[in-house]
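A short worksheet on the structure shown next.
Number of protein chains: 2
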Amino acid sequence: MPPTPRTDTLRTPTITDVAREAKVGKTSVSRYLNGEFDSLSEALRLRIQQAIRTLGFRPNQMARGLKRGRTRMVGMVVADISNPYSVEVMRGVEAACQKQGFMLMVCNSDNQLELEKRYLDLLTNYRVEGLVINPIGLPEEDLASISNTGLPLVIIDRRAVHLQCDMVGLDNRQAATLATQHLLQQGFQAIHFFTEPIGQISSRSEREQALRQVVAAAGKGHSASTTELDVTDSAALADALRKTLKSKKRSAIFAGNGRMLLNVALGLQQLGARWPEDIGLLGFDDPTWAALAGSGITGIRQPTFDIGHAALDFLVQRIDGIVSPARMQAFPGELIIRGSTGSLKNVSEA
Amino acid sequence: MPPTPRTDTLRTPTITDVAREAKVGKTSVSRYLNGEFDSLSEALRLRIQQAIRTLGFRPNQMARGLKRGRTRMVGMVVADISNPYSVEVMRGVEAACQKQGFMLMVCNSDNQLELEKRYLDLLTNYRVEGLVINPIGLPEEDLASISNTGLPLVIIDRRAVHLQCDMVGLDNRQAATLATQHLLQQGFQAIHFFTEPIGQISSRSEREQALRQVVAAAGKGHSASTTELDVTDSAALADALRKTLKSKKRSAIFAGNGRMLLNVALGLQQLGARWPEDIGLLGFDDPTWAALAGSGITGIRQPTFDIGHAALDFLVQRIDGIVSPARMQAFPGELIIRGSTGSLKNVSEA
DNA sequence: CTGTTAGCGCATTCAT
DNA sequence: ATGAATGCGCTAACAG
């Protein structure tokens, strides 16, 4: 006989404690926890409910996960959480998790490949049921091994050619085309694409290619250039900006993402250059402050929340066992026009 | 020779598989995993290492957590992840986690009390070993129950009077005093504090009080006002701004946090008001874009990363069993002076 | 409808 | 130095 039926405060109560308190079997408690009320008499149900309440019992998710083989956790690894883009995507993922009953573990690889690997390892060890990842560089390497494990995986903002997994992101061609056409319409002749190193990152190369294509199609007198810059190298940025400002043609800078846009805007300001007077300016990601910078900065707004939400929906389908070839969902971007791409002197052209 | 060195895709290998593959007991494998190499012969060690490699074995953290009663997870609940402040704090927490060997689960309660509760529940169920929280409203209610559980808890950016738990944040009096004195020095006579609803949120009330105190001390001709605004209510904001702009005195707006600062700046812009010409402007949180908005916005920079880091350090000490009364660490804020608080017309005053 | 039993993957006595 | 056995908290057959 248990000598002291005390409600132990020291130890967190378990399902066994509840069973004893309610004078029922553990199974019934388990059934209660899983909502199988059909197979529970009203009496038991109430007793259990009461016991749980008085004991302050909370089911141990670890144990459940261990037993059922499903942890109901998904992991998310973000290349750079300082980028508001990532935060917005994360919000979408989290909201979807909430709906689907998953717990999200977010990790910031802080643009370090090593950290990314470590987090991927960790998350795997914690037996997340799926992974949403916005990889730092070429995903092919590390991700392939994960993908081979059978662990569901969806990639954000990158196209991984050799990888058999779902992808969600922006329709970069459409967005870049839209933006470039706008610049051309506004009378800009030389378009300068400022981007972080393109490398194998599809979103960056797609944007660049679309830009070049549109400029090429415009023909005579139009030109495109690309400048790859490390976000931390402000000296190189300043150089590039100075050079660009000397251009004889009517020029515009097209920033490859929000982070780059910030740097460019800051750099131009330091150089005393104003937009659109001295140079046109346009960027991806349409950050909240875009309206405040000078006469406002034209930008391409991404449906970040939707992107995140869609990513998790894909993931859950995989977790639920759907089999299908790798899917790709590309959302359209929206052009938000502000002062930075204004025509020079109220001169309107056909 | 192993006939098929395939990495088994069907079932994830367990410690038992490793033991069999290495022809040792599970115990030895367990010892290996926990780095108890003292009690392992060189031979066994190598065999196990090899087996783990060929099997692609990854220790199940769930099982470990269940067995040892330590999940090595900590939870973080953030009131508003859209606020860059929170993101920066989170980065500090995450970095510290990394060092201390903890895994972080970040949740965004999105300013909804219900969500906050749900996440707190969830995290508890997942048996996180501690909690870092930046609560939405008055912490006392929900948090008390958690705190009573004995689950280590540290609160960020709020002072919870009736709660026996560690707190980390800004030295609001110092920071607000610093900023207000600056405004006064610059010749502003009427200081208008624009804040989200103060309610029970200590950081907000502390800032307001310090401001009022400094203004009162300045005496004759100086005045302070407080306007509480919901961040979503742009109409109310516009009204308040219009009224403020009519003031006969030389006025400045002091925004209670970065989010509010953004709204105020946007609102002023829409009203065609400029800083510092039409009104002075200063805000907490010194967002990255502050330099870009007009002639730049003066702000108070918080050591957000350090705040997060310190919070986790506190937490880990508690997890490690330290007993001490509730501690409070308040970091000083730094005043970043920009154009928005400039003297009106190069007129310098004593 | 209800309870008994047997593991999930691992760490930990306790023997050897 | 090594391994067999036990149980963490829970779910899932399998009886009644």
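Which chain is which? The protein sequence lines are G and E, in order.
In case it helps, our numbering puts the first sequence at residues 1 to 350.
In case it helps, our numbering puts the second sequence at residues 1001 to 1350.
Here a beta-carbon is modelled for each residue, glycine too, at the ideal position from N, C-alpha and C.
With 8 angstroms as the threshold, decide whether the Cβ of residue 71(G) is near any Cβ in chain E.
yes
Of the choices 114(G), 126(G) and 271(G), whose alpha-carbon is the least far from that of residue 237(G)?
271(G)
In the DSSP assignment, what residue or residues form a beta bridge with residue 1288(E)?
Note: residue 1288(E) sits in no beta bridge, so no partner.
Assign residue 347(G) to one of two classes, buried (16 or more other C-beta atoms within 10 Å of its C-beta) or exposed (fewer than that).
Unreliable placement is indicated for residue 347(G), whose pLDDT of 39 sits below 50; no coordinate value is reported for it.
Tell me whether residue 1018(E) sits in a helix, a strand or coil according to DSSP, three-state version.
helix
Can you confirm whether the region 180 to 199 of chain G touches the region 207 to 221 of chain G when touching is taken to mean that 3 or more C-beta pairs between the two stretches lie within less than 8 angstroms?
yes
Where residue 159(G) falls: helix, strand or coil (DSSP):
coil
Could you compute how far the alpha carbon of residue 21(G) sits from the alpha carbon of residue 41(G)?
17 angstroms
Tell me whether residue 192(G) sits in a helix, a strand or coil according to DSSP, three-state version.
strand
When DSSP labels each residue in this structure, what does residue 301(G) get in the three-state scheme?
strand
Measure the CB-CB distance between residue 1172(E) and residue 1206(E) and report whether it falls below 8 angstroms.
yes
Give the DSSP-derived three-state secondary structure of residue 1123(E) in the structure shown.
helix
Which residues of chain G have a Cβ atom closer than 9 angstroms to the Cβ of residue 1275(E), listed in chain order?
Ordered by position in chain G, no residue passes the 9 angstroms Cβ test against residue 1275(E), which lies about 11 angstroms from the chain.
Check the Cβ-Cβ distances between residue 1293(E) and every residue of chain G, and say whether any is below 8 angstroms.
yes
Any beta carbon of chain E sitting closer than 8 angstroms to that of residue 256(G)?
no
So the beta strand (DSSP E) residue 223(G) belongs to, where does it begin and stop?
223 to 228
Tell me whether the beta-carbon of residue 1060(E) lies closer than 8 angstroms to the beta-carbon of residue 127(G).
yes
Rounded to a whole number of angstroms, what is the C-alpha to C-alpha distance between residue 1159(E) and residue 1288(E)?
27 angstroms
What first and last residue would you give for the alpha helix (DSSP H) that runs through residue 165(G)?
Unbroken run through residue 165(G): none, as it is neither H nor E.
Along chain G, which residues have their Cβ under 7 angstroms away from the Cβ of residue 1221(E)?
Within chain G, no residue comes near residue 1221(E); the closest Cβ sits about 32 angstroms away, beyond 7 angstroms.
Locate the beta strand (DSSP E) running through residue 130(G), then write down its first and last residues.
130 to 134
Say whether chain E places a C-beta atom closer than 8 angstroms to the C-beta of residue 65(G).
yes
The region 1124 to 1147 of chain E: positions lying closer than 7 angstroms to chain G by Cβ
1124, 1125, 1126 and 1127
As a quick exercise: from 296(G), 283(G), 209(G) and 286(G), pick the residue whose alpha carbon is nearest that of residue 277(G).
296(G)
Between residue 337(G) and residue 298(G), is the Cβ-Cβ spacing less than 8 angstroms?
yes
8 angstroms is my cut-off, CB to CB: does residue 1152(E) come that close to chain G?
no
Sub-8 angstroms separation of residue 1085(E) and residue 1302(E) beta-carbons
yes
Report the rounded CA-to-CA distance for residue 4(G) versus residue 37(G), giving the unit in angstroms.
Because residue 4(G) sits at a pLDDT of 36, beneath the cut-off of 50, its placement in the model cannot be relied upon, and the following sentence gives the value as read from the coordinates. Cα to Cα, residue 4(G) sits roughly 31 angstroms from residue 37(G).
Kindly indicate which three-state DSSP category residue 37(G) falls into: helix, strand or coil?
helix
Note down, in chain order, all residues in the region 1044 to 1063 of chain E with a beta-carbon under 9 angstroms from any beta-carbon belonging to chain G.
1056, 1058, 1059, 1060, 1061, 1062 and 1063
Between which two residues does the beta strand (DSSP E) holding residue 75(G) run?
73 to 78
For the beta strand (DSSP E) holding residue 1329(E), just list the boundary residues, first then last.
1328 to 1331
How many angstroms separate the CA atom of residue 30(G) from the CA atom of residue 1269(E)?
59 angstroms
Kindly indicate if chain G contains any beta-carbon less than 8 angstroms away from that of residue 1241(E).
no
Local conformation of residue 148(G) per DSSP, three classes:
helix
If you draw a straight line from the C-alpha of residue 112(G) to the C-alpha of residue 1129(E), how long is it?
27 angstroms
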